[in-house]
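2 protein chains.
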Amino acid sequence: MTIEELIARRDKLFGRGAPLFYKEPIHLERGEGVWLFDVDGRRYLDMYNNIPVVGHCNQRVVEAIAKQAATLNIHSRYLHTAILDYAERLLDLHSEQIDNIIFACTGTEANEIAMQMARLATGGQGFICTDATYHGNSTLVGSLTRAPRRGRQDIHAIPFPQMYRPIKDGLSGEQLADVYLDEVASAISDFAAEGVRFAGIILCPILANEGLPNIPPTFMARAAKMVRDAGGLVIIDEVQAGFCRTGNWWGYQLAGVEPDIVTMGKPMGNGLPLAACAARSDLIEKYRTESQYFNTFSSSPVHAAAGMAVLDEIDDRNLMVQVTQVGEYLLGELQKISQHTDQIGDVRGFGMFLGVEWVKDKASSEPDMGGAIDISNRLKDKGVLVSNDGVFLNVIKIRPPLVFDRSHADIFLTAFKETMADIGA
Amino acid sequence: MTIEELIARRDKLFGRGAPLFYKEPIHLERGEGVWLFDVDGRRYLDMYNNIPVVGHCNQRVVEAIAKQAATLNIHSRYLHTAILDYAERLLDLHSEQIDNIIFACTGTEANEIAMQMARLATGGQGFICTDATYHGNSTLVGSLTRAPRRGRQDIHAIPFPQMYRPIKDGLSGEQLADVYLDEVASAISDFAAEGVRFAGIILCPILANEGLPNIPPTFMARAAKMVRDAGGLVIIDEVQAGFCRTGNWWGYQLAGVEPDIVTMGKPMGNGLPLAACAARSDLIEKYRTESQYFNTFSSSPVHAAAGMAVLDEIDDRNLMVQVTQVGEYLLGELQKISQHTDQIGDVRGFGMFLGVEWVKDKASSEPDMGGAIDISNRLKDKGVLVSNDGVFLNVIKIRPPLVFDRSHADIFLTAFKETMADIGA
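Top line first, the protein sequences correspond to chains A and B. For the first sequence, this note's numbering assigns the number 1 to the initial residue and increments by one for each residue that follows. For the second sequence, this note's numbering assigns the number 1001 to the initial residue and increments by one for each residue that follows.
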C-alpha cells in the first residue's frame, strides 16, 4: 500500500482532519532507543518524542509491563502494594508540601482533577492561563487552549511572559517581569470586578507550547505569590517539563516556583497511558471526599510496574546528568550556527528541550512558520524527526528521548548544518 | 503488613477517601481467568470485574501487548497500519451508519468527545440524561452524575425508565413508556423555553448504573425518535454494555435503538486504557476539523494489538454464545431462589450482567442497601466477589469476566444459597 492509499484508508476510518506529521507522512514499523524505522527499513533519529523518555521499546519497561500484566492487572478498590511503593517514590522526588497523589491515565485527566481540586478548595471558578497554552482536550481543560484575554467568565488569559518578543521593548528582565505581573494582577482584579471568585493559575513551568520562551527571571515566583495572596492556588503542569526533561526532576525547580498542585503525564509510563495529579494532602482529601473520584484503569499494578521501571531507568542510567551535558552541548552548537544564520532569531531551552526560533531575518524577527515547517520536512528527508511549535508555529522543537547522547547530537548537527547549506541560510 | 497498616499507608499517600471495596478489603496478588488470588493464596471467584472481559491476565492479550510494546509504541501523527485494521474490524461490528472512529484512553475521554461532537453538530448545549447515571468524571461528563431534573442550564435529568419501581403504578409497559417519554418531551420543551438549544440525549442502553432496570419496551426507540425530531443526537454509552456483555455485541442492539454516536471503553483492551467514540462520518469530520482533537496515548500500535487480541478471543472462544447460555442459566437459578426469598424483590439482567434487587420484603419492595452490602461482604468471605449498585445501592451486581462458565455459575449459586441460609433469608 502506498502512503497515499494509506492516508485515504485512514481518512475513511478516522475521518478527515486526524492530524499527521510531514508533507509526506512516514509509515513506521519499529522503534529502538532514539531510533524509529519505517516499513522500508529507513531509520530516523527521533528528536521529537517526549513520551518514550527512556527510549523507544525500552526493554526494562516492556518486561515490567508484560510481567505484571500476566500476574495481576486490576483497579484500585482492592489493595495492592506496588502502587503504594510507586506513589511513595514519586512523591519523594517532589517538594515536601506535595505529599498526596491521585493517578489517572492522561494529562487531560490529571489537569481536570487539578482544576476541579482548586475549585473545590477555593470555592472559586476563575482561572488564569497564558494565551498560547495547551493543557489537554476535555471541555474544561480545552477551554484554556488559546483562551482569549477576557470574554469568558471563568478563564482569563495573560500574554505569555517572554524575553524574545516582549510585550514592551527596551526593558530589563526585572522590568519585564513587572509588566507581565501587571497582567496577572489585572486578570485577578477583573475576576473580582465580575464577581467571579478566583481559583488559581495553571502554568507549564517552561511554557512549552508557548514556544519555550526565556521567561523574565522572578516572574514565576512572584506570579505564584500574587495568586496566593489573592486566595488562588498554583497548578504547575509538568506533563512536558517533568521527569528530567530540563535536567531537573521537575520544571518548577528550574522555574523557581513552588506548586500547590502539580500534574504529570506523557513520559511517566514511557508509552503506557499513565498520569497523575499530586498536591498537598489537605487539597487531595477535600477533593477525594467531595468528588468520590475513581478512575477505572489507573492506580493499577501495571501502572505501578511501568512507572517504577521508568524511574529505575532514569536513575540507573544517570539520565539527569546526561540530559544536562548533552543538552548544553547541543544548545551551544546551535547557538554557534545561529550566529551566522540570519533566519535563526533565537536558540533557547533547557536540557533535552530546545527551541530554534525561525524568522525572516534577525533584524525584523518576523516569525516564519513556512520556513520552520520546510526545515522539519527537510530534516525528515535526511532521517531526523523534529516538529514546530510556539504561538506562530515557527519554533523548531527539539525534544528527543532522554537516552539521546552526544553521538546522536552530532548526527543531528550534521543534518542541521547540511539543511542550512541546502537552503542557503 | 496487616490490612489495617496497608490502609493507613494508602490513606497517607492517596489521601483519605480513595474508594475501597468491602468492610475488610482484600489484598490481591494474582489473577487468572475468572479467579483472583490474595497474598495469602486465598482464591476468589470474580463476579464483578467487567474490564478483564476475556479473563484476568489473558495470555493472548498480554503477549500481544508485550510483543507490540517491544516493537513500536507511538502516537498517531505517523502512519501505522495495525490501528487501521483494528478500526475497520471494530466498525464492522457496528450498525452501518457508525462508520468513523476516534480512539481515546478512557470512557470519560470518549464521552467528552461524544458530547463535544454533539454540541458542534447541533450548535446546541442542552443534554438529557437520567437522574441516576454515571458516564465519567471530567467536569462536563461528571455533571451528568446524579444531575437534578432541572436547575442546570445545560443538563436536564429525567427519572430513569423502569418497570420495578415505576413512576406511576398500575400501568402497562406501553403506558409506562408513554409516561417516561413525557419526561423526555418536557425536558426538551424546557430547554426551548429557557432558550438553550438542544444537543441530544446520552444513555447507557441497559441503564447499568441506574441498577439495570427492566426498561419499558419501546421506550428507547421512541425516545431516540423524539430526540431526533427535536434536532438532537442520540449518544449511546457502551462502556459497560458493549463487547458481548449482554449476549449481543452492543447494548443498543438489545435495547432496539440506533445511535448517532456510540462510546466504548472498559473491556476494550482487557485492562489496557483503551476507549473510543464512533459515529457517523459527517459528525466525526466536523469534530476533527473544528477541534483538532489529538490524544497522545491513543490510536497507538499497542492500542491496536490489545484491542485486536480481545476481539480474537471473543470470537475464537465463542464467548457471545457462552454469555447467553450461562447467563440464562444463572438468571433462571436466581429467579428460583428469589421465589422463596422475601428479601429479593427482583432478579433481572441480560447475558453476564445480572442484578438482584435486595429489599426489606417483597410486599413493600423497600430498598435495603445495608442488607445488600452485607450480602456482598458475606459472599466475599465465601470467596465470591460481587458489589452493589443502583440508585439505592441495593442491587447486587453480578458481572463476571465473560469467560465465566456453568461450573463457575454453580460455585456462585452454592455460595449464594449458603449465604441466604446463613442470614435466614
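Think of the CB as a built atom: it goes at the ideal place given N, C-alpha and C, for glycine as much as any other residue.
TODO: Given a cut-off of 8 Å, decide if N1388 (chain B) and E1357 (chain B) are closer than it, judged by their beta-carbon atoms.
DONE: Looking up residue 1357 (chain B) in the second sequence gives position 357. Looking up residue 1388 (chain B) in the second sequence gives position 388. Cβ atoms of E1357 (chain B) and N1388 (chain B): not closer than 8 Å.
Open item on the list: Across the segment 31–49 of chain A and the segment 399–406 of chain A, are there enough close Cβ pairs to call them in contact, namely three or more that are closer than 8 Å?
Closed with: Judged by Cβ distances under 8 Å, the segment 31–49 of chain A makes contact with the segment 399–406 of chain A, as three or more pairs qualify.
Task: Simplified DSSP state of I155 (chain A), which is helix, strand or coil - done: Here residue 155 (chain A) refers to the residue found at position 155 of the first sequence. In this structure, I155 (chain A) counts as strand in the three-state DSSP scheme.
TODO: With 8 Å as the threshold, decide whether the Cβ of I1026 (chain B) is near any Cβ in chain D.
DONE: Protein chains in the displayed structure are A and B, and chain D is not among them.
Open item on the list: Quick check on C129 (chain A) - is its C-beta less than 8 Å from some C-beta in chain B?
Closed with: The residue labelled residue 129 (chain A) in the question sits at position 129 within the first sequence. Cβ-Cβ to chain B under 8 Å: no for C129 (chain A).
- [ ] For chain B, find out if any of its Cβ atoms is closer than 8 Å to the Cβ of E313 (chain A); answer yes or no.
- [x] Your numbering for residue 313 (chain A) matches position 313 in the first sequence. Answer no: the Cβ-Cβ gap between E313 (chain A) and chain B never drops below 8 Å.
Task: At least three beta-carbon pairs within less than 8 Å, the segment 1258–1277 of chain B to the segment 1303–1313 of chain B - done: yes
Open item on the list: Please confirm whether L45 (chain A) has its beta-carbon closer than 8 Å to some beta-carbon of chain B.
Closed with: Along the first sequence, read from residue 1 onward, the residue named residue 45 (chain A) stands at position 45. For L45 (chain A), the answer is no, since every Cβ of chain B falls outside 8 Å of its Cβ.
Open item on the list: Between D38 (chain A) and the ligand HEM, is there a pair consisting of the residue's CB and a ligand heavy atom that are separated by less than 7 Å?
Closed with: With respect to small molecules bound, the structure shown includes none, and the ligand HEM cannot be examined in it.
- [ ] Please list, in chain order, all residues of the same chain as Y1329 (chain B) whose beta carbon is under 8 Å from its beta carbon, the five residues on each side excluded.
- [x] Locating residue 1329 (chain B) in the second sequence gives position 329, counting from the first residue. Cβ within range, chain order: R1406, A1409.
Task: Burial state of S364 (chain A) (16 or more Cβ within 10 Å) - done: One-based indexing of the first sequence puts residue 364 (chain A) at position 364. Label assigned to S364 (chain A): exposed.
Open item on the list: Taking 8 Å as the cut-off, does the segment 1294–1301 of chain B touch the segment 1213–1224 of chain B (at least 3 CB pairs, one atom from each stretch)?
Closed with: no
Task: Residue interval of the beta strand (DSSP E) (run including V356 (chain A)) - done: Translated into the one-based positions of the first sequence, residue 356 (chain A) becomes position 356. Residues 353–358.
TODO: Report back the beta-carbon spacing between V1196 (chain B) and D1154 (chain B) to the nearest angstrom; my notes put them in contact at under 8 Å.
DONE: Residue 1196 (chain B) sits at position 196 when you count from the first residue of the second sequence. Residue 1154 (chain B) sits at position 154 when you count from the first residue of the second sequence. Indeed, because the Cβ distance is near 6 Å, the residues count as touching under 8 Å.
TODO: Assign E210 (chain A) to one of two classes, buried (16 or more other C-beta atoms within 10 Å of its C-beta) or exposed (fewer than that).
DONE: Indexing the first sequence from 1 puts residue 210 (chain A) at position 210. Buried, since its Cβ has 16 or more Cβ neighbours within 10 Å.
- [ ] Can you pull the chain B residues whose beta carbon is under 9 Å from the beta carbon of E109 (chain A), in chain order?
- [x] As a working mapping, residue 109 (chain A) is identified with position 109 in the first sequence. Within 9 Å Cβ-Cβ: C1105, T1106, T1108, E1109, N1137, S1138.
Task: Y1252 (chain B) - containing alpha helix (DSSP H), residue span - done: Stepping through the second sequence from its first residue, residue 1252 (chain B) is reached at position 252. Per DSSP, Y1252 (chain B) belongs to the alpha helix (DSSP H) from 1251–1255.
Task: Closer than 8 Å to chain A by CB, V1034 (chain B) - done: Numbered from 1 along the second sequence, position 34 holds the residue referred to as residue 1034 (chain B). It does not: the Cβ of V1034 (chain B) has no partner Cβ on chain A nearer than 8 Å.
- [ ] Name the one or two DSSP bridge partners that G1033 (chain B) has.
- [x] As a first step, residue 1033 (chain B) is located in the second sequence; it is residue number 33 there, counting from the start. B:H1056.
Open item on the list: Just verifying my parser: in three-state terms, what is the DSSP assignment at Y293 (chain A)?
Closed with: What you label residue 293 (chain A) is simply residue 293 of the first sequence in a count that begins at 1. Reduced to three states, the DSSP call for Y293 (chain A) is coil.
Open item on the list: Can you check whether the C-beta of F294 (chain A) is within less than 8 Å of a C-beta belonging to chain B?
Closed with: Walking along the first sequence from the start, residue 294 (chain A) turns up at place 294. It does: the Cβ of F294 (chain A) has a partner Cβ on chain B nearer than 8 Å.
Open item on the list: Using C-beta distances below 6 Å, list every residue in its chain close to Y1252 (chain B), excluding the 5 sequence neighbours before and after it, in chain order.
Closed with: Sequence index remark: in the second sequence, residue 1252 (chain B) carries index 252 (1-based). Within the same chain, Y1252 (chain B) has close Cβ partners P1205, I1236, P1259.
TODO: Compute the Euclidean distance between the alpha carbons of G1247 (chain B) and Q1339 (chain B), then round it to the nearest angstrom.
DONE: As a first step, residue 1247 (chain B) must be located in the second sequence, where it is residue number 247. As a first step, residue 1339 (chain B) must be located in the second sequence, where it is residue number 339. Using only the alpha carbons, I get a separation of about 25 Å.
Task: Under 8 Å between C-beta atoms of A1185 (chain B) and A1208 (chain B) - done: Along the second sequence, read from residue 1 onward, the residue named residue 1185 (chain B) stands at position 185. Along the second sequence, read from residue 1 onward, the residue named residue 1208 (chain B) stands at position 208. No; because the gap between Cβ atoms is not below 8 Å, this pair is not in contact.
TODO: Quick one: grab the DSSP three-state call for S1376 (chain B).
DONE: Counting from one through the second sequence, the residue named residue 1376 (chain B) turns up at place 376. Reduced to three states, the DSSP call for S1376 (chain B) is helix.
TODO: Quick one: which unbroken alpha helix (DSSP H) runs of 4-plus residues sit fully inside the segment 1130–1155 of chain B? Chain order, please.
DONE: 1139–1142
Open item on the list: Taking the alpha carbon of I51 (chain A) as the reference point, which residue from A:R280, A:Y293, A:R245, A:V257 has its own alpha carbon closest?
Closed with: Residue mapping note: residue 51 (chain A) aligns to position 51 of the first sequence, counting from 1. Ranking A:R280, A:Y293, A:R245, A:V257 by Cα distance to I51 (chain A) puts A:R245 first.
Task: Short CB-CB distance (under 8 Å) between N209 (chain A) and chain B - done: Numbered from its first residue, the first sequence carries residue 209 (chain A) at position 209. Closer than 8 Å: no.
Task: Closest by C-alpha distance to K1397 (chain B), when choosing among B:H1027, B:N1049, B:G1041, B:I1026 - done: For the purposes of this step, residue 1397 (chain B) is taken as residue 397 along the second sequence, with counting starting at 1. Checked all of B:H1027, B:N1049, B:G1041, B:I1026; the closest Cα to K1397 (chain B) is B:N1049.
Task: Check whether S1160 (chain B) and P1213 (chain B) have beta carbons under 8 Å apart - done: Here residue 1160 (chain B) corresponds to residue number 160 of the second sequence, with the count starting at 1. Here residue 1213 (chain B) corresponds to residue number 213 of the second sequence, with the count starting at 1. Looking at the sequence shown, residue 1160 (chain B) is not Ser but Phe. For F1160 (chain B) and P1213 (chain B), yes; Cβs fall inside 8 Å.
Task: Range covered by the beta strand (DSSP E) that runs through R43 (chain A) - done: Numbered from 1 along the first sequence, position 43 holds the residue referred to as residue 43 (chain A). Looking at the DSSP string, the run of the beta strand (DSSP E) that includes R43 (chain A) is 43–46.
Open item on the list: Please list, in chain order, the chain A residues whose beta carbon lies closer than 9 Å to that of N1073 (chain B).
Closed with: Taking the first residue of the second sequence as 1, we reach residue 1073 (chain B) at position 73. Those within 9 Å of N1073 (chain B) in chain A are G31, I51, P52, H56, C57, V62, N270, G271, L272.
Task: Of the residues A:K380, A:I423, A:A425, A:R399, the one placed nearest K23 (chain A), counting alpha carbons only - done: Within the first sequence, numbered from 1, the residue matching residue 23 (chain A) stands at position 23. Per the Cα distances, A:K380.
Task: Within chain B, the residues that E258 (chain A) reaches when beta carbons sit closer than 7 Å - done: In the first sequence, the residue the question calls residue 258 (chain A) occupies position 258. Per Cβ cutoff of 7 Å: no residues; E258 (chain A) is ~19 Å from chain B at best.
Open item on the list: Let me make sure I understand the geometry here. Which of A:Q343, A:A421, A:D38, A:M320 has the alpha-carbon closest to that of G370 (chain A)?
Closed with: The residue you call residue 370 (chain A) lines up with position 370 of the first sequence. Closest by C-alpha distance to G370 (chain A), out of A:Q343, A:A421, A:D38, A:M320, is A:Q343.
Task: Cross-strand partners of T1263 (chain B) (DSSP beta bridge) - done: As a working note, residue 1263 (chain B) is residue 263 in the second sequence. BP columns for T1263 (chain B) point to B:D1237, B:C1277.
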